[in-house]
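**Student:** Numbering (my numbering), first residue to last: 138 to 273.
For every residue, glycine included, the Cβ atom is placed at its ideal position computed from N, Cα and C.
Take this structure, written in structure tokens, and hold onto it; I'll ask about it next.
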């Protein structure tokens with residue numbers, strides 16, 4: 138697996154960002170724009186997915202990163218559930234639902250795969266690297 142030096146380079150963060158943009162576009166039109174409670178909830182949950190990936194990455198340790206990824210995975214599940222509510226309230230079409238729903242399903246799978254990679258990795262994160270000795 139590639140070595141990442143910034144959370145912005147992580148494909149899972151990039152995909153979460155795309156989902157956030159999609160959700161925002163859906164919530165900015167029609168009756169969805171007037172359902173303030175659901176609009177706020179779904180924007181927060183999709184944003185939480187993206188933000189927890191970033192926060193966990195910046196902690197520099199795999200154990201903490203995995204905890205934040207678990208929260209992120211939960212947030213994307215919450216977003217999927219809220220998409221059902223938006224569909225049931227006829228704020229979005231079935232086609233709009235399908236596009237974002239499958240992006241969320243793929244994101245959940247990819248986060249889970251990344252969590253397994255971190256679990257099985259011998260590298261513990263940047264803060265666990267052995268300190269280097271200054272050269273004389």
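Suppose you measure from the CA of residue 256 to the CA of residue 200; what does that come to, to the nearest Å?
**Tutor:** One-based indexing of the chain shown puts residue 256 at position 119. One-based indexing of the chain shown puts residue 200 at position 63. Near 8 Å, if we compare the C-alpha coordinates of residue 200 and residue 256.
**Student:** Does the beta-carbon of residue 184, which I'm using as the reference point, lie nearer than 7 Å to any heavy atom of the ligand MG?
**Tutor:** As for the ligand MG, it is missing from this structure, which has no ligand bound.
**Student:** Which residues in the same chain have their Cβ closer than 8 Å to the Cβ of residue 249, if we skip the five residues on either side of it in sequence?
**Tutor:** As a working mapping, residue 249 is identified with position 112 in the chain shown. 210, listed in sequence order.
**Student:** Starting from residue 218 and walking both ways along the alpha helix (DSSP H), at which residues does that stretch end?
**Tutor:** One-based indexing of the chain shown puts residue 218 at position 81. Where residue 218 is concerned, the enclosing alpha helix (DSSP H) stretches over 199-225.
**Student:** Could you give the DSSP three-state label for residue 149: helix, strand or coil?
**Tutor:** In the chain shown, the residue the question calls residue 149 occupies position 12. In this structure, residue 149 counts as helix in the three-state DSSP scheme.
**Student:** Using three-state DSSP, classify residue 268 as helix, strand or coil.
**Tutor:** To locate residue 268, count along the chain shown from 1; it is residue 131. Residue confidence for residue 268 is low, a pLDDT of 40 falling below 50, so the modelled location carries little weight; the figure read from the coordinates is stated next. Coil at residue 268, not helix or strand.
**Student:** Helix, strand or coil: which one does DSSP assign to residue 239?
**Tutor:** Along the chain shown, read from residue 1 onward, the residue named residue 239 stands at position 102. DSSP places residue 239 in helix when its eight states are reduced to three.
**Student:** What is the DSSP secondary structure of residue 172, counted as helix, strand or coil?
**Tutor:** One-based indexing of the chain shown puts residue 172 at position 35. In the structure shown, residue 172 sits in coil (DSSP, three-state: anything other than H, G, I, E or B).
**Student:** Is it true that the CB of residue 160 sits closer than 8 Å to the CB of residue 216?
**Tutor:** Along the chain shown, one-based indexing puts residue 216 at 79. Along the chain shown, one-based indexing puts residue 160 at 23. Going by C-beta atoms, residue 216 is nearer than 8 Å to residue 160.
**Student:** When the distance is taken between beta carbons, is residue 244 closer than 8 Å to residue 149?
**Tutor:** As a first step, residue 149 must be located in the chain shown, where it is residue number 12. As a first step, residue 244 must be located in the chain shown, where it is residue number 107. Yes, the pair counts as a contact, with Cβ atoms nearer than the cut-off.
**Student:** Under three-state DSSP, which class holds residue 164?
**Tutor:** Looking up residue 164 in the chain shown gives position 27. Helix at residue 164.
**Student:** Is it right to say residue 240 is buried, meaning 16 or more other beta carbons lie within 10 angstroms of its own, or is it exposed?
**Tutor:** The residue you call residue 240 lines up with position 103 of the chain shown. Under this definition residue 240 is a buried residue.
**Student:** Classify residue 254 as helix, strand or coil using the three-state DSSP reduction.
**Tutor:** Residue mapping note: residue 254 aligns to position 117 of the chain shown, counting from 1. Note: residue 254 maps to helix in three-state DSSP.
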